[in-house]
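Please read the structure below before turning to the comments.
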Amino acid sequence: MGRHQENPVRLYFSYDPIANKSRCQIEGCTAEIAGNHGGNLQRHVQRMHPSAFARLLASTHVEDPSAPSSSASKRLFSAVDSKRTVHCLQDTVVVKKPRAEQFHITPDSLRDACVELVTVNGRPFSLMDDTGFRKILDPVLDIMGKSVRIDSEIVRDMVSEVAERERENLRNGLKGKLLMLKVDAVTYRNRSVLGINIQYTEGERIILRTLAVRELHEPHTGSYISSVVREVLKTYGIDLRQLYSITTDDGITMPEAVSLLSEFQNGEAEYDGDDSLEEGEQRHEDERTTEVKGPLAWGKGDGLLTLDIYETSGNVTGEIHSVVSGGPILRGVRCSAHVFHLAVDDALQDRNASSLVTKARRVSEKLQTPNVSAFLSRLGQRKVVVDRLSGWLSTYDMLERLCDLKTFCQDMAPTIQELHLKGLEWEEMGLLVCTLKPAKVTARLLQSEQLTAGDFFGAWLKCKIETDKIGGPFATLLVECLNRRQHMLFENEPFLAAVFLDPRYKVLLTEAQTEQAKSRLCNAWGMIQALSQNKQQFPLTEVYVESSTGDADDEIEEMLRARERENGDEGMKCKIMMMSMLNAYSSEARLKREENIFRYWLSTSQINADLYKLAVSVIPFPVTQVSVERAFSGLKYMLSLRARMNDNTLEDILFVRLNKQFGV
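Okay, so the sequence shown: first residue is 1 according to full-length UniProt numbering, each after it adds one.
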């Protein structure tokens, strides 16, 4: 049995169940309405026959929507205010009251959601006090009780608490590990910040963590940057001897900062964790430091073009050897992605290529004018791109898009002279795009967080091979530029060591490079052994702190004792044993390129635990520091709404944003 139909509007209709149509019976109306739904019938009468609808209201009892549902709860609509009663009847018959849904949320989940809003989502703290958000939040808080409070100040404190908890977890996880740093700086809205990432291995993955995004308040000298890095390391209880390498961009001051950190690691300067420099030390720094008043240099403005990088690469990388043979060595490493981009930039500086790019830029700028751009939009064409001088990738995008619009430009050239290019120039542009495509694919691969030195080396070689196959003058020039820059990578021992421990690519190293890699790995093994034992009586940092109150002779004695512990008979035996293991590994068969090197080393962990421990400590060597640049992306919308935020709050927000996993 169907539901009883109570809508009195059906009095004006006759329903034909066979045709499934309702015919209006009001005089003069021949309308037929599909089906027999009361709401549809009511709308027809209300719109087409308002007088009949008013009479219906005056003589009909309808259930009050505000009263409890009951057959006895009725009220009589009055015809005095027909407009008001029309809306009442419409609400009663047509509009259904939304059903309340139950949901479950705990106070902790609510707090986490608010922290996520202001960190991951970049919302300002003032959102918590906005009237619209309070209409959503207050009913939830009323249910939870007075013990749970949420406002802008409370959320600000919650962010600091979450940041401190995450720092403590990270601090505990880094004890005794061999670590690789990645450092970079950026200036946004007149605020300079230094980003410090750390990288190591867990299981089959490279783990990337952000130690700090620290605001800089002084000129970017090497001594100041090194003092900020030391302060951050002290916050996490990281001994300088735990540092294996520091990957930086090619800015002017970064190599000097790495050199200073190397000196501190090797005991050539006092490490007391203080930001300030002693007067004599500051005077020494002033003699050899060039201040950079603005932000650290990027891209083509990094000062490389004024240096003979092919003859001074050892100085630029900040290579500082240990005072005592076999002691710890901290090495500064150029960002390999920057080296790759510089090689492509070198090729594009060629006169022919540069002239062609200039002409293409002129055409693209004309295509971006309002009239031409509107015409392209009406034709369904994609938006034109004009490159930025800061990087060649945007130049590639501009040339590629222009090649797509070749037919349009040729058709419009008789009318718009600025769109004219010779046929040979169009052909050269197409060849230039084709030649740069392998480099574009390689640049995209270099953005991966799981990139190892072997992966990078393989991508570099593939780019050279594919570019060389294309042929032509520019392809030959680009391969030559890649070869000229490549030696900068192979002069760096941490890079050679990481490639050597990649069984897919170790065969590409020369005999001399292999010996360099083995020597570096033996020293690294000594560092690992020292760290594992040095939950030792005197950690190096404690030695320096305590000796700061003694005489110079006492300081030298403590340093010599630390070196003695590292380079004693046991330490030498360990290095000799490791060298024999590396020699045996060197003669093993090559692994296929498709294999996962972390799984390979995991499979050997039961056979040779020491070599496995060394491999997983060294393989995560960061060949690029693009992850630090990626961390800076949050500044664009963090500071757009909160330019006056203090530096501690900003650092807490970015730390939580880059480290905490919400909803896990």
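Quick reminder that beta carbons are idealized off the backbone N, C-alpha and C, glycines included.
- For the pair Asn-169 and Ile-597, the Cα-to-Cα distance works out to about 28 Å.
- A buried status is given to His-341, since no fewer than 16 other beta-carbon atoms sit within 10 Å of its beta-carbon.
- Rounded to the nearest angstrom, the Cβ distance from Gln-513 to Val-626 is 26 Å, too far for a contact under 8 Å.
- For Leu-179, the pairing in a beta bridge is given by DSSP as Leu-243.
- Note on Val-507: under 16 other CB atoms within 10 angstroms of its CB, so exposed under the neighbour-count rule.
- Between Pro-494 and Lys-182 the beta-carbon gap is near 13 Å, outside 8 Å, which marks them as no contact.
- Shown here, Ser-192 sits in a strand according to DSSP, grouped into three states.
- Exclusion of the five residues before and after Thr-604 leaves Tyr-612 as the residues of its chain whose Cβ lies within less than 6 Å of its Cβ.
- Within the same chain, Cβ atoms closer than 8 Å to the Cβ of Arg-205 are found at Gln-450, Phe-598, the five residues on either side in sequence being excluded.
- In the displayed model, Arg-484 falls within a helix according to three-state DSSP.
- Taking the Cα positions, Asp-129 is about 26 Å away from Arg-165.
- Its Cα nearest to that of Ser-394, the residue Asp-345 stands out among Asp-345, Arg-378, Gln-529, Ala-517.
- Per DSSP, reduced to three states, the secondary structure at Thr-248 is strand.
- In this chain, Ser-14 is not harboured by any alpha helix (DSSP H); it is covered by the beta strand (DSSP E) spanning 13-16.
- Val-159 sits close to Val-115, with the two beta carbons spaced by under 8 Å.
- Per DSSP, Lys-506 is not a residue of any beta strand (DSSP E), being assigned neither H nor E.
- A contact between stretches requires three or more CB pairs, one per stretch, nearer than 8 Å, and the region 237-250 fails this requirement with the region 212-228.
- At least 8 Å separates the beta-carbon of Val-618 from that of Asn-197.
- About 6 Å separates the beta carbon of Leu-591 from that of Tyr-600, a gap short enough to meet the 8 Å contact definition.
- The alpha-carbon of Leu-478 is positioned some 45 Å away from that of Lys-175.
- Put simply, of Glu-218, Gly-173, Arg-209 the residue whose alpha carbon is nearest the alpha carbon of Thr-187 is Glu-218.
- In the three-state scheme derived from DSSP, where H, G and I count as helix and E and B as strand, Leu-330 is classed as coil.
- Annotation: the region 120-149 contains no complete segment of the beta strand (DSSP E) (minimum length 3 residues).
- The three-state reading of DSSP puts Val-213 in strand, counting E and B together.
- Rounded to whole angstroms, Glu-263 and Asp-239 show a C-alpha spacing of 14 Å.
- C-alpha of Ser-336 to C-alpha of Thr-624: approximately 5 Å in a straight line.
- For Lys-21, the beta-bridge partners assigned by DSSP are Asp-16, Ala-34.
- The beta carbon of Gly-472 lies closer than 8 Å to those of Leu-431, Thr-435 in the same chain, with the five residues before and after it left out.
- Of the other Cβ atoms in all chains shown, 16 or more fall within 10 Å of the Cβ of Val-229; this residue is therefore buried.
- With a beta-carbon spacing of about 5 Å, Leu-445 and Ala-459 fall inside the 8 Å limit used to define contacts.
- For Gln-199, the pairing in a beta bridge is given by DSSP as Met-180, Leu-208.
- According to the DSSP assignment, Asn-169 belongs to the alpha helix (DSSP H) that extends over 152-173.
- Note on the region 603-631: whole alpha helix (DSSP H) runs with a minimum of 4 residues are 609-618, 626-631, in chain order.
- Annotated as distal: Glu-425 and Lys-383, with beta-carbon spacing of 8 Å or more.
- Under the three-state reduction of DSSP output, Thr-407 falls in the helix class.
- With contacts defined as CB atoms closer than 8 Å, Leu-356 and Leu-405 fail to qualify as a contacting pair.
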